[in-house]
Amino acid sequence: MVISLSRLGKFAAIAVLLSLGAFAAIAYAGHSWGTYHWARTTDSFTLKLGDNVGTAWDAHLAAASTDWSVSTVLDTTVVTGGSKKNCGPVNGRVEVCNKKYGKNGWLGVAQIWVSGSHITQGTVKLNDTYFNTRTYNTPAWRQFVMCQEIGHTFGLDHQDEIFGNANLGTCMDYTSNPSGPPSNEHPNAHDYDQLGLIYAHLDSVTTVGQATSPSRGQKDDAEIGVNYKDKVLRKDGKGRPALYERDLGKGEKVFTFVFWAE
């Protein structure tokens with residue numbers, strides 16, 4: 077069989093395009109933050125989401141739990157909240173809360189406590205001071221922020237942080253129009269791919285559902301949501317602090333993800 081040079085050139089071009097496409101898909105899905113993850117000893121695990129939210133948020137929490145449970149490496153289940161008073165964290169799970177936190181500029185906050193590279197507990201706070209306004213009191217905005225803040229507690233970062241870019245069809249994308257099109261109210265395939273990469277290994281211990289002593293610094297932000305004295309690690313596309321870090325010493329840290337109102 078004889079193949080002409082021109083055909084070889086076409087085959088080579090196709091091969092390059094395919095390899096670039098594969099690389100782009102891998103790079104596109106690379107949106108974890110650091111190496112932080114929940115420690116677990118089995119191929120998949122179930123993370124409890126504590127329901128401390130009011131009736132206006134219940135359906136959005138349930139939908140986010142269902143969405144994230146599509147992942148092959150983790151499931152979530154909504155349970156009775158353990159922090160209805162101040163949204164303090166509970167070891168081994170994520171507490172989800174809503175409240176009128178005031179005109180402090182943020183719509184949603186996710187906080188994650190880590191020991192070494194392992195997530196030990198997390199909280200999600202939703203600011204009804206803004207969600208009760210005409211701009212943000214929509215199903216799309218509520219679902220988008222709920223989905224994104226919960227996603228941060230698994231170890232996921234944003235896929236894109238430029239508000240003016242076209243929607244990527246994932247809640248892990250910054251947007252000023254969550255309803256789209258396409259809608260940014262739910263995870264997409266890249267989010268599930270990234271979770272597969274984050275949890276591709278097993279640990280010798282587990283931090284999921286552990287009834288251990290509380291981590292230090294856990295009550296500092298229960299009411300205010302953000303401690304502005306913490307170190308700013310990253311800013312969003314509009315120059316606002318988007319990720320804070322507090323070093324508690326002895327390998328323990330608190331990370332705070334902030335989604336700001338327009």
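In the working numbering, the protein residues as written are 77 to 338. We put the CB at the ideal spot given by N, CA and C, even for glycine. Computed from a predicted model, the values in this text were never measured in an experiment.
Same chain, Cβ closer than 8 Å to Thr-156, neighbours up to 5 away in sequence not counted:
Gly-126, Asp-127
Within 10 Å of its beta-carbon, does Leu-278 have 16 or more other beta-carbons around it, so buried, or fewer, so exposed?
exposed
Residues near Val-302 in its chain [Cβ-Cβ closer than 8 Å; skip 5 each side]
Asn-180, Trp-182, Val-185, Tyr-320, Thr-332, Val-334
Suppose the cutoff is 8 Å on Cβ atoms and the five residues either side in sequence are ignored; what does the same chain contact list for Asp-329 look like?
In the sequence as presented, Asp is not what sits at residue 329; that position holds Lys. Excluding sequence neighbours, Lys-329 sits near Trp-189, Val-190, Glu-321, Arg-322, Asp-323.
In whole angstroms, what is the alpha-carbon distance linking Ala-115 and Gln-286?
11 Å
Using the three-state DSSP reduction, which class does Asp-269 fall into: helix, strand or coil?
helix
Please work out which residues of its chain come closer than 6 Å, Cβ to Cβ, to Leu-309, disregarding the five sequence neighbours upstream and downstream, and give them in chain order.
Leu-319, Glu-321
Determine the direct distance from the alpha carbon of Gly-325 to that of Gly-256, and round the result to whole angstroms.
43 Å
I'd like the span of the alpha helix (DSSP H) that includes Arg-210, first residue to last.
From DSSP, Arg-210 is part of no alpha helix (DSSP H); its letter is neither H nor E.
Tell me whether Asp-267 is buried or exposed, calling it buried when 16 or more other Cβ atoms sit within 10 Å of its Cβ.
So Asp-267 ends up on the buried side.
Straight-line CA distance for His-262 to Phe-220?
7 Å
Could you give the distance in angstroms between the alpha-carbon of Asn-162 and the alpha-carbon of Gly-315?
Whole-angstrom Cα-Cα distance: 29 Å.
Taking only three categories from DSSP, how would you classify Asp-312?
It is coil, neither helix nor strand.
Throw me the rounded Cβ distance for the His-113 and His-228 pair, which I believe falls under 8 Å.
In fact, because the Cβ distance is near 12 Å, the residues do not count as touching under 8 Å.
Going by alpha carbons, who is nearest to Asp-151 out of Tyr-275, Pro-317, Thr-111?
Tyr-275
Measure the C-alpha to C-alpha separation of Ser-147 and Met-248 and round it to an integer number of angstroms.
Their Cα atoms are separated by approximately 15 Å.
Checking the sheet assignment: what are the DSSP bridge partners for Lys-175?
Asn-203
Excluding the 5 residues preceding and the 5 following Asp-236 in the sequence, name in chain order all residues of the same chain whose CB lies nearer than 7 Å to its CB.
Hits under 7 Å: Leu-244, Asp-249, Tyr-250.
The beta strand (DSSP E) spanning Asp-323 covers which residue range?
317 to 325
Pick out whichever of His-136, Lys-311, Val-281 has its Cα sitting closest to the Cα of Glu-225.
His-136
Can you tell me whether Arg-210 is buried or exposed? The criterion is at least 16 other CB atoms within 10 Å of its CB, across all chains shown.
Exposed, since its Cβ has fewer than 16 Cβ neighbours within 10 Å.
Here's the rule I'm using: 16 or more other beta-carbon atoms within 10 Å means buried, otherwise exposed. How should Gly-198 be labelled?
buried
When DSSP labels each residue in this structure, what does Phe-110 get in the three-state scheme?
In the sequence as displayed, the identity of residue 110 is Gly instead of Phe. Residue state, collapsed to three classes: coil.
Spatial distance of Ile-238 from Pro-317 (CA atoms)
14 Å
Cβ neighbours of Gly-313 in the same chain (closer than 7 Å, five flanking residues each side left out):
Glu-237, Ile-238, Phe-239, Tyr-250
Measure the alpha-carbon distance for Gly-168 versus Ser-159 and round it to whole angstroms.
If you take the alpha carbons of Gly-168 and Ser-159, they lie about 14 Å apart.
For Asp-204, which residues in the same chain have their Cβ closer than 7 Å to its Cβ, ignoring the five residues on either side in sequence?
Asn-174, Lys-175, Lys-176
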